[in-house]
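Under the numbering used here, the sequence shown has 91 at position 91, and the numbering climbs by one with no breaks.
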Amino acid sequence: MAPVLLHLILAAPVLAGEPVSGVDILVRSKSDGRIVIQTVTDDRGSILIKEMRPGPYSVEAGSKLPAALIRRSGSWGVALIPLATKTATPQNHRTKPTAQGMHVDIVVPDGAPITFTIILTY
């Protein structure tokens with residue numbers, strides 16, 4: 001738990017807003033289309049994905065949220081925070097509204113698989 005807290009504390013300045021809990025998240029590999037994880041953000045607005053391999057992914061969020069809330073997605077953000085590694089740096093992305101929620105593309109850098117915390121913020 002300490003490495004997670006350390007990374008969350010270090011990433012605090014890069015987060016765009018307040019974490020949002022209870023939002024449905026789907027992470028899909030863009031290389032082969034497989035679903036990596038389908039879950040709901042926890043009370044810290046985050047999910048943990050273990051051993052993500054390098055490559056492009058799409059993060060889809062909020063397909064079950066009210067449409068009016070999704071339309072305000074210009075203020076939604078996704079933080080991708082690597083755990084226990086010195087080779088990857090945190091990434092911040094702004095989501096784009098879609099017909100089925102919000103969407104953002106991310107890239108896991110080349111190298112060994114990395115465990116990431118993804119935090120959805122508003």
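From the three backbone atoms N, C-alpha and C, an ideal C-beta is built for every residue, glycine too.
task: Quick one: grab the DSSP three-state call for TYR122.
output: coil
query: Looking at the structure shown, is ALA112 part of a helix, part of a strand, or coil, going by DSSP?
result: coil
- prompt: Helix, strand or coil for VAL20 per DSSP?
  reply: Of the three classes helix, strand and coil, the one that applies to VAL20 here is coil, per DSSP.
- prompt: Among the residues of its own chain, which have a CB less than 8 Å from the CB of THR39, if the five just before and after it don't count?
  reply: Its chain contains ASP24, ILE25, ILE47 as the residues whose beta carbon lies nearer than 8 Å to that of THR39, once the 5 sequence neighbours on both sides are disregarded; these appear in chain order.
- prompt: Roughly how many whole angstroms lie between the Cα atoms of ILE37 and SER63?
  reply: About 15 Å.
message: Alpha carbons only, please: which of GLY55, ASP43, SER29 is nearest the one belonging to ALA112?
response: GLY55
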